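First comes the structure, then the notes that go with it.
Residue numbers (this note's numbering): 1010 to 1166.
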């Protein structure tokens, strides 16, 4: 049987070295996921993170949704693609390149592998590309960065 829901925790780390930006990002994403079709799932993720942006530190708190599609199954797991987005709050008085709002949008896409440890637990390894920008400021071109994700899941049937 396929798991109907899962709880989990993912740890992210990543960054970007674009010409004009130096970004480092570390976060914990508590997750709840629900499989609504045989290979399709929706996950709701919390976002508790820390950005280091051109020598400036910011903490992020947020909530985002992520749709996943399992495109390949193997004996002890599966491969999937994912895409989604949400809103995060950045706690910084001066927000260079974010605009005058402290609430920003986060968009993300990626792929991953989920390995079954036993019948109720799984490990996840993912790559995600993320984009953060202020959706209410047309002058904000945002930040793009890459993340590696390591997570654990507790499956419910």
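For glycine and all other residues, C-beta sits at the position ideal for the given N, C-alpha and C. If you're wondering where the values come from, they're calculated on a predicted model, not measured in any experiment.
Nonlocal neighbours in the same chain, by C-beta distance under 7 Å from residue i, ignoring five residues either side
{"i": "residue 1055", "result": "1038, 1039 and 1072"}
{"i": "residue 1023", "result": "1034, 1154, 1155, 1156 and 1157"}
{"i": "residue 1099", "result": "1067, 1069, 1107, 1111 and 1113"}
{"i": "residue 1057", "result": "1036, 1037 and 1070"}
DSSP beta-bridge partners of residue i
{"i": "residue 1148", "result": "DSSP lists no partner for residue 1148."}
{"i": "residue 1153", "result": "1140"}
{"i": "residue 1040", "result": "1017 and 1054"}
{"i": "residue 1035", "result": "1022 and 1059"}
Beta-carbon proximity list for residue i, same chain, < 6 Å, skipping 5 on both sides
{"i": "residue 1123", "result": "1086, 1087, 1131 and 1133"}
{"i": "residue 1241", "result": "The chain is shown only over 1010 to 1166; residue 1241 falls outside these bounds and no answer can be derived."}
{"i": "residue 1129", "result": "1164"}
{"i": "residue 1101", "result": "1067"}
Coil, strand or helix - residue i by DSSP
{"i": "residue 1104", "result": "For residue 1104, the predicted model reports a pLDDT of 49, less than 50, meaning its position is unreliable and no value from the coordinates is stated."}
{"i": "residue 1084", "result": "coil"}
{"i": "residue 1135", "result": "strand"}
{"i": "residue 1030", "result": "coil"}
{"i": "residue 1129", "result": "coil"}
{"i": "residue 1111", "result": "coil"}
{"i": "residue 1098", "result": "strand"}
CB of residue i within 8 Å of CB of residue j, strictly
{"i": "residue 1031", "j": "residue 1066", "result": "no"}
{"i": "residue 1019", "j": "residue 1160", "result": "yes"}
{"i": "residue 1036", "j": "residue 1021", "result": "yes"}
{"i": "residue 1015", "j": "residue 1163", "result": "yes"}
{"i": "residue 1000", "j": "residue 1081", "result": "Outside the displayed range of the chain (1010 to 1166) lies residue 1000, so it cannot be described from this structure."}
{"i": "residue 1121", "j": "residue 1091", "result": "yes"}
{"i": "residue 1051", "j": "residue 1076", "result": "yes"}
Same chain, Cβ closer than 8 Å to residue i, neighbours up to 5 away in sequence not counted
{"i": "residue 1094", "result": "1073, 1074, 1114, 1115, 1116 and 1117"}
{"i": "residue 1013", "result": "1043, 1044, 1165 and 1166"}
{"i": "residue 1025", "result": "1031, 1032, 1152, 1153, 1154 and 1155"}
{"i": "residue 1136", "result": "1119, 1120, 1121, 1155, 1156, 1157 and 1158"}
Residue-level contact to chain C via CB, residue i, 8 Å cutoff
{"i": "residue 1138", "result": "The chain labelled as chain C is not found in the depicted structure, where only one protein chain is given."}
Would you list, in sequence order, the uninterrupted beta strand (DSSP E) runs of no fewer than 3 residues that lie entirely inside the segment 1043-1080? 1049-1062
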